[in-house]
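**Q**
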Amino acid sequence: MILIHHNPACATSRNVLQTIEAAGYAPVVIDYLEQGWTRAQLLGLFAAAGLTPRTALRETKSPAAELGLLEPGVSDDRILDAMLEHPVLVNRPIVCSAKGVRLCRPSETVLDLLDTWPQGPFAKEDGEIIIDAAGQRTGTPGFAG
Numbered sequence: 003m004i005l006i007h008h009n010p011a012c013a014t015s016r017n018v019l020q021t022i023e024a025a026g027y028a029p030v031v032i033d034y035l036e037q038g039w040t041r042a043q044l045l046g047l048f049a050a051a052g053l054t055p056r057t058a059l060r061e062t063k064s065p066a067a068e069l070g071l072l073e074p075g076v077s078d079d080r081i082l083d084a085m086l087e088h089p090v091l092v093n094r095p096i097v098c099s100a101k102g103v104r105l106c107r108p109s110e111t112v113l114d115l116l117d118t119w120p121q122g123p124f125a126k127e128d129g130e131i132i133i134d135a136a137g138q139r140t141g142t143p144g145f146a147g
């Protein structure tokens, strides 16, 4: 099973979902802006992905600056509390699969979590090829799928 914490307004999140589906998976899609988060859920995802609230904080196109969360010395607990109140503060997409949990930025990072990849050539919505005609990953270093 593959699960994606998704924001349909985010191009990176759309690219990740498109990649997963094109590889033949039917992921569980969680619109976290609608559903929100729980503290336990975020702590579990962050631990599994090797993140902290600070490293998972979306700094742009979010209220992070207005809430004072970008200042030095802001505690992880304060950031986590703000993420619970404002779900948009969590960077996305976060994908869970049998291979692990990752914040999939850039979007081709999702390939590390998939046993099978889309048939190449495969491109993101902006036209950037991430899998060539031979089925090899382009651009970002990684392992073959």
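Using our numbering, the final residue of the sequence shown is 147, and nothing's skipped along the way. All residues carry an ideal CB built from backbone N, CA and C; glycine is no exception.
1. Would you tell me roughly how many angstroms separate the C-alpha atoms of Q121 and L86, rounded to the nearest one?
2. How about the stretch 122-135 and the stretch 88-100: do they share at least three Cβ pairs that are nearer than 8 Å?
3. Residues in the same chain with beta-carbon distance under 8 Å from S64, minus the five sequence neighbours each way, listed in chain order, please.
4. Just the Cα atoms here: how many angstroms apart are E68 and L19?
5. Among the residues of its own chain, which have a CB less than 7 Å from the CB of L35, if the five just before and after it don't count?
6. Between G75, A84, L116, T140, which lies nearest to P2 when the distance is taken from Cα to Cα?
7. Suppose you measure from the CA of G26 to the CA of G75; what does that come to, to the nearest Å?
8. If you run the structure through DSSP and keep just helix, strand and coil, what is A50?
9. Provide the residue span of the alpha helix (DSSP H) that contains E72, from first to last.
10. If we count the other Cβ atoms within 10 Å of its Cβ and call it buried at 16 or more, is L113 buried or exposed?
11. Could you check whether L47 and I81 sit closer than 8 Å to each other, using their CB atoms as the reference points?
**A** Once the coordinates are examined:
1. 38 Å
2. no
3. H88, V90, L91
4. 30 Å
5. N9, P89, V90
6. For the chain, the structure presents residues 3 to 147; residue 2 sits outside this window and is missing.
7. 44 Å
8. helix
9. Rather than Glu, the amino acid found at residue 72 in this sequence is Leu. Run containing L72: none; DSSP gives neither H nor E here.
10. buried
11. no
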